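Engineer:
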Amino acid sequence: MAVPILKQGKYLIASIQSALTDSDMVSLREDLMEQVGRYRSRGIIIDVTALDVMDSFASRSLRNIAYMTKLRGAETVLVGIQAEVAYAMVQLGTNLEEVNTALDLEEGLAFLDQLT
Amino acid sequence: MLVDGSPPSGESSEEIVGIASDADVVTARHTGRRVAESVGFTGSDLTMISTAISELARNIIRYAVTGEVVVSPISEGSRVGVMVVARDNGPGIPDLDLAMRDGFTTGTGMGLGLPGARRLMDEFAIASQVGEGTTVVVKKWTRGL
């Protein structure tokens with residue numbers, strides 16, 4: 000299922016609605032890369048509140064998206080990582096340290112406003 | 000308690016998910032979550048079980064192309080849990096010690112699949128034969144009554 004991306008001013012907001020297959024994740028990356036250029040976006044929020052699992056593939060994909068879009072001039076913030084998901088990510092050993100995170104959409108927007 | 004090896008009424012028994020595409024990875028972890036819930040797991044345990052299944056199923060797609068994931072409720076004495084068997088007839092793993100090392104990968108991943116799945120679960124066993132395939136068995140037990 001495709002991830003809807005909303006343009007809000009100088010930001011893009013991608014809200015993941017349900018469990019993503021690997022190919023959905025690849026589409027999300029391509030869509031964000033394209034829209035950052037088209038809308039000259041300065042910031043991206045990826046909302047993962049609906050994700051009940053963040054495995055190594057999802058983590059790596061999100062980290063890559065954050066880095067690729069940063070190379071295009073946009074700062075990414077990951078919002079909505081659930082407490083149980085955070086716990087499992089630490090057990091699994093995924094590393095998202097270099098990715099900006101915020102508790103929810105509101106905090107994410109506040110964070111981007113400070114940065115951009 | 001199990002009687003004559005039959006599952007207790009009201010609980011689901013073994014569930015098999017064929018793994019052949021990335022969509023099956025999602026199906027396998029949803030199935031795992033459902034079985035784990037029926038056994039009595041809650042909260043972060045459910046997330047850890049689903050995450051481990053996701054890693055094992057993705058390994059099948061990445062290295063063996065096809066295989067299956069079997070999730071079953073298990074019990075031993077008074078404790079209950081869930082067992083996940085991930086098996087394939089792929090190329091096998093020549094060096095298991097290396098494959099269990101964090102960050103080691105022959106593919107493009109993070110190299111967290113097997114060691115990560117071991118950390119997420121309570122018990123972990125792997126058997127692999129080059130040219131024959133790989134079977135990973137993991138278990139998790141509920142925390143008390």
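Those sequence lines, one after another, are chains A and B.
Residue 28 in numbering that gives the first Met the number 0 is what sits at position 29 of the first sequence, and the numbering runs on without skipping anything.
Residue 107 in numbering that gives the first Met the number 0 is what sits at position 108 of the second sequence, and the numbering runs on without skipping anything.
Each residue gets a CB set at the ideal place from its N, CA and C atoms; glycine is no exception.
Predicted, not measured: the structure shown is a model, and the values here were computed from it.
#1: Checking the sheet assignment: what are the DSSP bridge partners for residue 11 of chain A?
#2: Can you tell me the Cβ-Cβ gap for residue 60 of chain A and residue 93 of chain A, rounded? I've got them flagged as a contact below 8 Å.
#3: Since residue 113 of chain A is in the alpha helix (DSSP H), which residue starts that stretch and which ends it?
#4: Can you pull the chain B residues whose beta carbon is under 7 Å from the beta carbon of residue 90 of chain A, in chain order?
#5: Once DSSP output is grouped into helix, strand and coil, what is the label at residue 131 of chain B?
#6: State the Cα-Cα distance for the pair residue 2 of chain A and residue 88 of chain B, rounded to the nearest angstrom.
#7: Just how far apart, CA to CA, sit residue 80 of chain A and residue 17 of chain A?
#8: Using CA coordinates, which residue listed in A:53, A:68, A:26, A:28 is at the minimum distance from residue 40 of chain A?
#9: Extract the residue ranges of the beta strand (DSSP E) inside the stretch 51-81 of chain A, only unbroken runs of 3 or more that lie entirely within it.
#10: Work out the CA separation of residue 96 of chain A and residue 31 of chain B for me, nearest whole Å.
Structural biologist: Here's the rundown:
#1: Here the question's residue 11 of chain A lines up with position 12 in the first sequence. As computed with DSSP, residue 11 of chain A is found in a beta bridge with A:6, A:43.
#2: Mapped onto the first sequence, residue 60 of chain A falls at position 61. Mapped onto the first sequence, residue 93 of chain A falls at position 94. With 8 Å as the limit, residue 60 of chain A and residue 93 of chain A do not qualify as a contact, their Cβ atoms being about 11 Å apart.
#3: Here residue 113 of chain A refers to the residue found at position 114 of the first sequence. Membership of residue 113 of chain A in the alpha helix (DSSP H) is indicated by the continuous run 104-114.
#4: The residue labelled residue 90 of chain A in the question sits at position 91 within the first sequence. Residues of chain B passing the Cβ test: 47, 118, 119.
#5: Taking the first residue of the second sequence as 1, we reach residue 131 of chain B at position 132. Coil.
#6: The residue you call residue 2 of chain A lines up with position 3 of the first sequence. The residue you call residue 88 of chain B lines up with position 89 of the second sequence. When rounded, the separation of the alpha-carbon atoms in residue 2 of chain A and residue 88 of chain B is 34 Å.
#7: Counting from 1 along the first sequence, the entry for residue 80 of chain A is found at position 81. Counting from 1 along the first sequence, the entry for residue 17 of chain A is found at position 18. Straight-line Cα distance between these residues: approximately 13 Å.
#8: On the first sequence, position 41 is the one that residue 40 of chain A refers to. Among A:53, A:68, A:26, A:28, the Cα nearest to that of residue 40 of chain A belongs to A:68.
#9: Within the stretch 51-81 of chain A, the complete beta strand (DSSP E) runs of at least 3 residues fall at 74-78.
#10: On the second sequence, position 32 is the one that residue 31 of chain B refers to. On the first sequence, position 97 is the one that residue 96 of chain A refers to. Straight-line Cα distance between these residues: approximately 29 Å.
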